[in-house]
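Take the sequence shown: its position 301, counted from the start at 1, is 300 in numbering that gives the first Met the number 0, and no numbers get skipped.
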Amino acid sequence: MGRFLKKLTGSICALATPFRDGALDLDAYARLLDYQIDGGTQALVVAGSTGEAHALDQDEYDRLLSFAVRHVRGRVPVLAGTGTANTHKTILATRRAQALGADAALVVTPYYVRPTQAGLVAHYRAVADQGGLPIVLYNVPGRTGCDMLPQTVAQLAGHERIVGIKEARGDAERAAALMALKSPTFAVLSGDDPTAARSMLDGADGVISVAVNAAPAAFRALCDAALAGERARATAWNERLVPLYDLCGVESNPIPVKWCLSAIGIGTAELRLPMLPLSEQYHGHARQVLTDLGLLAAVQALHSSAA
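#1: Report back the beta-carbon spacing between G163 and L7 to the nearest angstrom; my notes put them in contact at under 8 Å.
#2: Quick one: is S48 buried, meaning 16 or more other Cβ sit within 10 Å of its Cβ, or exposed?
#3: Please classify L272 as buried or exposed, where buried requires at least 16 other C-beta atoms within 10 Å of its C-beta.
#4: In terms of residue numbering, what span does the beta strand (DSSP E) encompassing C12 cover?
#5: Rounded to whole angstroms, what's the CA-CA distance from V120 to S189? Just pull it up for me.
#6: Which word fits K5, buried or exposed, when buried means at least 16 other C-beta atoms lie within 10 angstroms of its C-beta?
#7: Does the beta-carbon distance from S251 to A13 come in below 9 Å?
#8: Where does E159 land, buried or exposed, given buried means 16+ other C-beta within 10 angstroms?
#9: Are the beta-carbon atoms belonging to S278 and A268 less than 9 Å from one another?
#10: Restricting to Cα atoms, I'd like to know which of Y110, M147 and T93 is closest to D128.
#11: According to DSSP, which residues form a beta bridge with Y137?
#12: Could you spell out where the alpha helix (DSSP H) holding V249 opens and where it closes?
#13: Considering just the uninterrupted stretch of the alpha helix (DSSP H) at L64, what are its terminal residues?
#14: Thinking C-alpha only, which one of D56, T143 and L32 is nearest P76?
#15: To which residues of the same chain is D37 closer than 7 Å at the C-beta, ignoring the five residues directly before and after it?
#16: Quick check on A27: buried or exposed, where buried means 16 or more other Cβ atoms within 10 Å of its Cβ?
As structure tokens, then:
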């Protein structure tokens with residue numbers, strides 16, 4: 000399963016990638032990595048869709064992943080986004096991630112090309128056989144145009160290098176079908192923040208989250224409660240986080256969460272075209288959401304002491 004990768008569980012962050020003046024902002028990235036680990040995040044995804052992997056050139060991807068591996072120093076697993084629309088390119092990207100020190104790869108279904116279910120089985124088996132890393136399947140049909148069905152996942156779950164699935168469809172029927180595939184070596188992870196608490200209470204092993212970028216401690220508390228079966232406590236934490244989930248959906252990911260990070264002092268809200276920063280009409284509401292979660296208090300205290 001990799002150098003030290005155990006079964007993935009709990010609160011996992013799909014990291015945003017900070018930019019400043021068009022370039023990677025590795026100082027801000029270091030702060031984001033520390034913010035996540037200090038907040039209890041249990042694994043990190045580098046250069047996934049939230050990390051604007053599509054907007055990174057090869058050198059930037061390499062620098063981002065190698066920096067994360069060095070900075071994290073084995074404190075939590077580091078997963079690299081390596082999925083592309085082509086199997087050979089995905090294998091090469093996964094091998095490169097292995098060489099750069101990643102512990103596993105998060106491999107999205109091939110986007111745009113719309114493979115058959117049999118094609119998905121062949122694709123993932125080839126990546127698992129030849130990519131050199133444990134892989135986590137990633138199903139997000141709203142973005143890829145490709146929906147990997149539970150019966151397809153069932154054909155892949157027994158492979159020794161396929162260690163889990165991130166399922167971003169939030170419907171309960173899909174989640175229930177995947178729960179039957181859980182094993183000591185295959186994790187079922189929610190990829191949908193608004194339904195993650197329900198999924199974990201129903202048996203999912205954890206969540207790979209966007210909103211956790213802004214609120215790692217709250218997400219860890221939510222995951223701990225849900226995985227312990229403490230329904231009332233999990234529900235309370237989830238209700239507290241609902242405004243953040245809603246905020247993260249007002250414009251395409253990662254537009255809102257990058258604004259949130261900039262507001263709490265981690266990098267800028269800068270994205271790469273065709274993505275633009277969060278529309279001004281949402282700024283006041285976003286600031287209120289962060290205030291209600293107590294996430295702006297430290298920033299405000301810092302500004303007050305500086306004055």
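Just so it is clear, CB atoms sit at the ideal spot from N, CA and C, and this is done for glycine as well. None of the values given here were measured: they were computed from a predicted structure.
Per the coordinate set shown:
#1: Position 164 of the sequence shown, counting from 1, holds the residue named residue 163. Position 8 of the sequence shown, counting from 1, holds the residue named residue 7. Confirmed, about 5 Å.
#2: The residue given as residue 48 occupies position 49 in the sequence shown. So S48 ends up on the buried side.
#3: On the sequence shown, residue 272 is found 273 positions in, with the first residue counted as 1. Burial call: exposed.
#4: Residue numbering aside, residue 12 sits at position 13 when the sequence shown is read from its first letter. In the DSSP assignment, C12 falls within the beta strand (DSSP E) that extends over G9 to A13.
#5: Taking the first residue of the sequence shown as position 1, residue 120 is located at position 121. Taking the first residue of the sequence shown as position 1, residue 189 is located at position 190. In a straight line, the C-alpha of V120 is about 21 Å away from that of S189.
#6: Within the sequence shown, the letter at position 6 stands for residue 5. With fewer than 16 Cβ atoms within 10 Å of its Cβ, K5 is classed as exposed.
#7: On the sequence shown, position 252 is the one that residue 251 refers to. On the sequence shown, position 14 is the one that residue 13 refers to. No; because the gap between Cβ atoms is not below 9 Å, this pair is not in contact.
#8: For the purposes of this step, residue 159 is identified with residue 160 of the sequence shown, where counting begins at 1. In summary, E159 is exposed, with fewer than 16 beta-carbon neighbours lying within 10 Å of its beta-carbon over all protein chains present.
#9: Here residue 278 refers to the residue found at position 279 of the sequence shown. Here residue 268 refers to the residue found at position 269 of the sequence shown. Against a cut-off of 9 Å, the Cβ pair of A268 and S278 comes out as no contact.
#10: Counted from its first residue, the sequence shown places residue 128 at position 129. Of the candidates Y110, M147 and T93, the one whose C-alpha sits nearest the C-alpha of D128 is T93.
#11: Taking the sequence shown and counting its residues from 1, one reaches residue 137 at position 138. Bridge partners of Y137: V107 and K165.
#12: By one-based count along the sequence shown, residue 249 stands at place 250. Run containing V249: none; DSSP gives neither H nor E here.
#13: Stepping through the sequence shown from its first residue, residue 64 is reached at position 65. Its alpha helix (DSSP H) spans residues Q57 to V71.
#14: In the sequence shown, the residue the question calls residue 76 occupies position 77. Answer by Cα proximity: L32.
#15: Looking up residue 37 in the sequence shown gives position 38. There are no such residues.
#16: Numbered from 1 along the sequence shown, position 28 holds the residue referred to as residue 27. It is buried - the Cβ of A27 has at least 16 other Cβ atoms within 10 Å.
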